[in-house]
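Note sheet for the following structure.
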Amino acid sequence: MTRRPSARFGAFLAVLLLLFLSMLADARRLAPPRQQEQAARAALVQQLGLSDLALFTEARYTRHLSLADLHSPFQDHPLALDHFPSGSVVPPPPARLPHYAPLDRETTLPD
Amino acid sequence: MRPWIEKQRYLIDYTLAALARRKARNLGLLAVYALLVFMLASVSLFGQALRQEAAAVLADSPEVILQRLVAGRHDLIPPGYLEKIGRIRGVQHQQGRLWGYYYDPVSKANYTLLVPAAEAPAPGHLRLGATLARERGLQAGQPLSLRSYGGKLFTFTVDEVLPASSELISADLVLLGEADFRAFFDYPAGHYTDIALSVANPQEVRNVAAKLSAALPDARPILREEMRRTYASLLDWREGIALALLAAALLAFAILAWEKASGLSADERREIGILKAIGWETGDVLRMKLWEGLLISFSAFLLGLVGAYVHVFHFGARLFEPVLKGWAVLYPRFTLVPQLDGLQLFTLFFFTVVPYTAAVLVPIWRAAIIDPDAAMRG
Chain P
718 MTRRPSARFG AFLAVLLLLF LSMLADARRL APPRQQEQAA RAALVQQLGL
768 SDLALFTEAR YTRHLSLADL HSPFQDHPLA LDHFPSGSVV PPPPARLPHY
818 APLDRETTLP D
Chain B
9 MRPWIEKQRY LIDYTLAALA RRKARNLGLL AVYALLVFML ASVSLFGQAL
59 RQEAAAVLAD SPEVILQRLV AGRHDLIPPG YLEKIGRIRG VQHQQGRLWG
109 YYYDPVSKAN YTLLVPAAEA PAPGHLRLGA TLARERGLQA GQPLSLRSYG
159 GKLFTFTVDE VLPASSELIS ADLVLLGEAD FRAFFDYPAG HYTDIALSVA
209 NPQEVRNVAA KLSAALPDAR PILREEMRRT YASLLDWREG IALALLAAAL
259 LAFAILAWEK ASGLSADERR EIGILKAIGW ETGDVLRMKL WEGLLISFSA
309 FLLGLVGAYV HVFHFGARLF EPVLKGWAVL YPRFTLVPQL DGLQLFTLFF
359 FTVVPYTAAV LVPIWRAAII DPDAAMRG
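Residue numbers (the working numbering), protein chains in the order written: chain P, 718 to 828; chain B, 9 to 386.
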């Protein structure tokens, strides 16, 4: 006797749901050891007095993003494009924006 | 209840048989759909885990970092600054920091040279970040020669390579002693790169920062809260590449829905006509199509989500590496703590399953309410 399509699809869906549940279980299993590693990283940050993640080492203003200002990426001239690709992943430090952002909106370009 | 379930099963049987008639097209659709969910879920899971990582890891970074600006640029802290800061009420502890950048022509990478406040390496010795050590093929006990900006060659002994699990914060770090740092960069005595401060009462940090700005007008205080906020928008959906990906995904989705909405084929139209002619009601046709939308989108959602989880938390989000690495030579290998919160999963589910199911229904409803005879004639 051939099985009905709904039964076959039900089995397929059950496999997918099982994968989904395994994903949740795996997240629970992985969390404690990785949290320990995270705590070790936090301790190193405290010990060395670090301020940033070493995620973008290509430019100094992306390496220490929180210590940069809005002018750093545009040193050549005010309308220059950001040289480095990581500028498309991470925005400028939000704390700097209120000081600088109004300027570019209030300034008019000469003809 | 039982007859209702039986009826739905028959509808599903029919739907699956109809899908199987156009197997290649529907399998292709499932694959593209699952890929779309995979991409969106990967960005979402990776972004959230990375933001959480930054918040947890930078929780104990310096409370305030004070930079000095000259003509709009970061400048060295001159002697006497530390004493002036010490006289400001509320400042508990102040420490001059020594750090700088070095471009290594051998590996074509930028390093961050830093003098640790405590347990600094002995003169002639240094400790290295694991990414840098891997890139240069170095191990503890081996020598590392660096040519300073003054042209002089310095040879150090690698004391230790920092643990690989700390690469995310120490990829390009070179830790060395104060005397070596000053000699290497020809740094003027008594000068520092910037100052790290701690404040007696954490509630007073903003007041202390205001006092610092008033007492030292050329100084710029950067608060820990600002450092952490900087990373709160990393890979945020409103920013840069994530927005571009989201826009592309939405566009793909719109095309998919448009294809469904306008491209109801003559075959499908005829099929609906025949079903209605043999006695199906409009509601049955709609229910059948609703099942079709749900079966495809739910399967694609589960496949895409599980794939994204494995990609982000087991393969270190390899597909994003070229984007994050940019032009850098040093890129850390890191694992993130899995973060799966209900709201995030529900948002993904809502924005991927519901629009498709709805997009399928509208054209079918339009076809299902016309006369069967007209539908069959096409």
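Quick reminder that beta carbons are idealized off the backbone N, C-alpha and C, glycines included.
Taken through DSSP and simplified to helix, strand or coil, residue 775 of chain P comes out as coil. An exposed status is given to residue 377 of chain B, since fewer than 16 other beta-carbon atoms sit within 10 Å of its beta-carbon. At a cut-off of 8 Å between beta-carbon atoms, residue 155 of chain B makes no contact with chain P.
For residue 168 of chain B and residue 182 of chain B, the gap between their C-alpha atoms comes out near 10 Å. Within the same chain, Cβ atoms closer than 6 Å to the Cβ of residue 305 of chain B are found at 361, 364 and 365, the five residues on either side in sequence being excluded. Neighbours of residue 321 of chain B in chain P, taken as residues at a C-beta separation under 7 Å, are given in chain order as 747. With respect to chain P, the C-beta atom of residue 56 of chain B has no partner C-beta closer than 8 Å. The alpha-carbon separation between residue 737 of chain P and residue 310 of chain B amounts to approximately 7 Å. Counted as a single uninterrupted DSSP element, the alpha helix (DSSP H) harbouring residue 312 of chain B occupies residues 290-321. Interface annotation for the stretch 210-244 of chain B against chain P: 228, 230, 231, 232, 233, 234, 235, 236, 237, 238, 239, 240, 241, 242, 243 and 244, criterion Cβ-Cβ distance under 9 Å. Under a criterion of Cβ atoms nearer than 7 Å, the residues of chain P adjacent to residue 317 of chain B are, in order, 740.
DSSP lists B/206 as the bridge partner or partners of residue 101 of chain B.
If you draw a straight line from the Cα of residue 218 of chain B to the Cα of residue 92 of chain B, it comes to about 15 Å.
The Cβ neighbour count for residue 810 of chain P, taken over all protein chains shown within 10 Å, is at least 16; the residue is labelled buried. Rounded to whole angstroms, residue 23 of chain B and residue 801 of chain P show a C-alpha spacing of 51 Å. Residues of the stretch 775-789 of chain P that bring their beta carbon within less than 7 Å of a beta carbon in chain B comprise 775, 777, 780, 782, 783, 784 and 788, in sequence order. Pairwise C-beta distances place the stretch 216-236 of chain B in contact with the stretch 72-90 of chain B, as three or more of them are shorter than 8 Å.
Chain order gives the chain P residues near residue 335 of chain B as 775, 776, 800, 801, 802 and 803, where near means a beta carbon separation below 9 Å.
Secondary structure at residue 192 of chain B: helix, using DSSP grouped into helix, strand and coil. Residue 97 of chain B and residue 205 of chain B have their C-alpha atoms spaced approximately 12 Å apart. In terms of Cα proximity to residue 314 of chain B, the closest of P/776, P/734 and P/722 is P/734. In this model, residue 356 of chain B and residue 102 of chain B are separated by some 46 Å (Cα to Cα).
Inter-residue distance for residue 226 of chain B and residue 773 of chain P is about 28 Å (C-alpha atoms, whole angstroms). The three-state secondary structure of residue 360 of chain B, taken from DSSP, is helix.
Among the residues facing chain B, residue 720 of chain P is not included, as its CB has no counterpart in that chain under 8 Å away. The alpha-carbon separation between residue 130 of chain B and residue 236 of chain B amounts to approximately 32 Å. For residue 771 of chain P against residue 180 of chain B, the beta-carbon gap comes to about 6 Å, under 8 Å, which counts as contact. Closest in C-alpha terms to residue 295 of chain B, from the list B/284, B/325, B/369 and B/213, comes B/369. With a cutoff of 8 Å on beta-carbon distance, residue 267 of chain B and residue 27 of chain B are scored as not near each other. The C-alpha of residue 134 of chain B is placed about 10 Å away from the C-alpha of residue 121 of chain B. Within the model, the alpha-carbon separation for residue 762 of chain P versus residue 49 of chain B is close to 30 Å. Fewer than three beta-carbon pairs drawn from the stretch 343-359 of chain B and the stretch 77-88 of chain B are found closer than 8 Å, and the two stretches are therefore not classed as touching. As DSSP reads the structure, residue 215 of chain B sits in no beta bridge. In the DSSP annotation of this structure, residue 165 of chain B is not part of any alpha helix (DSSP H); the continuous beta strand (DSSP E) holding it starts and ends at 161-169.
Residue 317 of chain B counts as buried, since no fewer than 16 other beta carbons sit within 10 angstroms of its beta carbon.
Within its own chain, the residues whose Cβ lies closer than 7 Å to the Cβ of residue 297 of chain B, once the five positions on either side in sequence are excluded, are 368, 369 and 372, listed in chain order.
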